[in-house]
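When you read off a place in the sequence shown, starting at 1, and then add 21, the result is the number in this note's numbering. Glycine included, each C-beta is placed from N, C-alpha and C at the ideal position. Values in this document were obtained by computation on a predicted structure and should not be read as measured data. As structure tokens, the structure follows; a few thoughts come after it.
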Amino acid sequence: MDLFLTRQATIQDLDDLVELFDEYRIFYEQESDKEGARQFLWEKFEHSESVIVITVEVETKVAVGFTQLYPSFSSVSMKRNWILNDLYVREKFRGNQSSRKE
């Protein structure tokens with residue numbers, strides 16, 4: 022059985038994403054700002070400005086991490102490409118499988 026499920030996030034994941042995004046920003050030595058995080062992420066969903074992928078622990082349904090991709094374009098290939106800008110995994114879920122369960 023899989024321990025984790027990774028899928029594209031939807032607006033229904035906003036509360037979990039706000040918590041993860043705030044932790045991510047704190048990791049990079051920014052002040053906690055959950056309301057700012059909520060507004061920022063809401064705008065990304067509302068205007069389809071990014072694709073957010075979320076990973077959830079299957080058994081507990083706890084959100085363990087996310088990544089955010091922003092669209093860009095390549096003139097050479099004449100195609101859209103994606104820039105991985107944000108990647109965060111909660112500390113207790115990092116590392117090998119044995120460190121994921123407490």
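- Shortest Cα-Cα distance from residue 87 to any of 57, 97, 62, 54 involves 62.
- Straight-line spacing of the CA atoms in residue 78 and residue 114 works out to 9 Å.
- The C-alpha of residue 37 is placed about 18 Å away from the C-alpha of residue 24.
- Residue 42 is classed as buried because its beta carbon has at least 16 other beta carbons within 10 Å across all chains shown.
- Under a 10 Å Cβ-count criterion, residue 73 is classified as buried, with 16 or more other Cβ atoms of the shown protein chains found around its own Cβ.
- The alpha carbon of residue 56 has as its nearest neighbour, out of 35, 49, 99, 67, the alpha carbon of 35.
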